[in-house]
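For reference, the structure is listed below as structure tokens.
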Amino acid sequence: MNLYIKTLNKLFETLPSIAESEAIKGHDKARAEIMTAYEHLDKAMTRLVIDNV
Numbered sequence: 052m053n054l055y056i057k058t059l060n061k062l063f064e065t066l067p068s069i070a071e072s073e074a075i076k077g078h079d080k081a082r083a084e085i086m087t088a089y090e091h092l093d094k095a096m097t098r099l100v101i102d103n104v
């Protein structure tokens, strides 16, 4: 796995924790945007991994 994919993977693993953090509580739109980013990153990661197999 190259550095680019590793970096994206770290972000992918971190986003749900950010969305559920105390700092985001009460900010439903921000939470929704973070989770949308998580879904988009999931798709991108899947494509990158498939392309690199």
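Be aware that the sequence shown starts at 52, since it is given in our numbering, and climbs by one per residue.
Ideal Cβ positions, reconstructed from N, Cα and C, are used throughout, including at glycine.
These numbers come from a predicted model, not from an experiment.
| Query | Result |
| --- | --- |
| Beta-carbon proximity check, residue 56 vs residue 69, cutoff 8 Å | no |
| Contact the segment 93 to 101 vs the segment 58 to 72: 3+ CB pairs below 8 Å | yes |
| First and last residue of the uninterrupted alpha helix (DSSP H) at residue 78 | Where residue 78 is concerned, there is no enclosing alpha helix (DSSP H), given that its DSSP letter is neither H nor E. |
| Span of the alpha helix (DSSP H) around residue 60 | 54 to 70 |
| Integer Cβ distance of residue 83 from residue 75, believed to fall under 8 Å | Incorrect: roughly 10 Å between the Cβ atoms, too far for contact. |
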